[in-house]
Amino acid sequence: MVAIAFSGKTVKSLGLGAMILACGAVVVSLQQLRLTGLKQGTDLTPELVERQVQAEAASLALWQQLPAYGYDNLFANWVFLRFLQYFGDDEARNLGNYRLSADFFEVIVERDPWFVEGYYYLSGSSSLYGGTPDRTVDILNRGLAQMTPTTPPKGFFLWRMKAIDEHLFLGDVPAAIQSHKTAAEWASYYDDPESQSARERSEQTAAFLERDPRSVMARITAWSGILGQARDVETQRRAIAELEALGVIIAVDAMGRPSFTIPPEILEAEREALQIQPD
6 MVAIAFSGKT VKSLGLGAMI LACGAVVVSL QQLRLTGLKQ GTDLTPELVE
56 RQVQAEAASL ALWQQLPAYG YDNLFANWVF LRFLQYFGDD EARNLGNYRL
106 SADFFEVIVE RDPWFVEGYY YLSGSSSLYG GTPDRTVDIL NRGLAQMTPT
156 TPPKGFFLWR MKAIDEHLFL GDVPAAIQSH KTAAEWASYY DDPESQSARE
206 RSEQTAAFLE RDPRSVMARI TAWSGILGQA RDVETQRRAI AELEALGVII
256 AVDAMGRPSF TIPPEILEAE REALQIQPD
């Protein structure tokens with residue numbers, strides 16, 4: 006279940022805000038009935054899926070126009086729940102595509118740029134499956150512009166996400182290097198082991214990319230980052246497949262946690278390419 010946490014914005018008129026939300030709920034309910042009607046009574050076809058997508062796009066356009074009256078984070082949570090329904094409909098997505106993924110996050114980030122949990126679905130849906138990594142990076146840029154190293158907590162993870170998209174999907178290595186460096190800088194504000202590990206990995210990846218933009222280790226780090234951040238099974242499977250293609254041996258424990266083993270020959274080849282002496 007997605008927790009709903011209200012932002013600190015002043016509610017100008019509680020009664021008016023409640024009325025607006027009620028009206029919005031009615032309109033969304035009508036949109037949902039329309040979508041449900043499209044699904045009932047017939048098997049899904051590409052044409053029917055396209056009609057569903059058009060109805061969902063109309064709903065998103067509506068949410069972009071409705072005033073929030075201090076309830077921006079509630080809007081964001083509602084749209085995120087709609088996104089989960091859209092993204093999780095495997096049958097419909099297999100017949101259609103994921104092109105609306107970025108549209109959902111346009112609304113979510115506009116309404117609540119601090120909704121950190123939502124970002125963990127952004128790259129997998131918009132870049133990997135929607136084929137729009139440029140929009141993913143643009144959305145991340147807009148969200149990060151509303152953040153500081155400490156507000157919301159641990160925003161450095163979003164800089165790491167951005168670096169991965171820039172490196173793997175856009176091929177913009179200079180931008181990826183800068184994003185990794187910023188991630189390391191933001192992570193340095195924290196002294197817990199997780200943050201310090203993220204700082205070290207970000208610094209190392211930036212160094213790998215500066216020395217060799219084609220670095221296998223940098224790609225392994227990027228895909229392992231995607232695997233660690235993924236909240237859906239399909240993105241996890243894709244990341245595992247990419248890591249195995251790079252020669253990484255992956256084991257998953259009883260709790261579903263992956264562990265990685267990088268063969269010595271990969272490490273040695275990386276050292277030779279970068280002219281690094283073994284420890």
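Quick note, my numbering runs 5 ahead of the 1-based positions in the sequence shown. For every residue, glycine included, the Cβ atom is placed at its ideal position computed from N, Cα and C.
Could you round the C-beta distance between L251 and I231 to whole angstroms and report it? I think they count as a contact, below 8 Å. Rounded, the Cβ-Cβ distance is 13 Å, inconsistent with contact.
Decide if the segment 103-122 is in contact with the segment 77-92; the criterion is three or more beta carbon pairs, one per stretch, under 8 Å apart. yes
So, is the C-beta of T266 closer than 8 Å to a C-beta in chain B? The structure shown contains no chain B, having only a single protein chain.
Report the partner residues of A256 according to the DSSP bridge assignment. S264
Roughly how many angstroms separate the alpha carbons of T266 and E190, rounded to a whole number? 28 Å
Helix, strand or coil at L67 according to DSSP, with G and I counted as helix: helix
Where does T153 sit, in a helix, a strand or coil, going by DSSP? coil
Span of the alpha helix (DSSP H) holding R243? V238 to A250
With DSSP as the reference, label F213 as helix, strand or coil. helix
Going by the beta-carbon positions, is the gap between I182 and E215 smaller than 8 Å? yes
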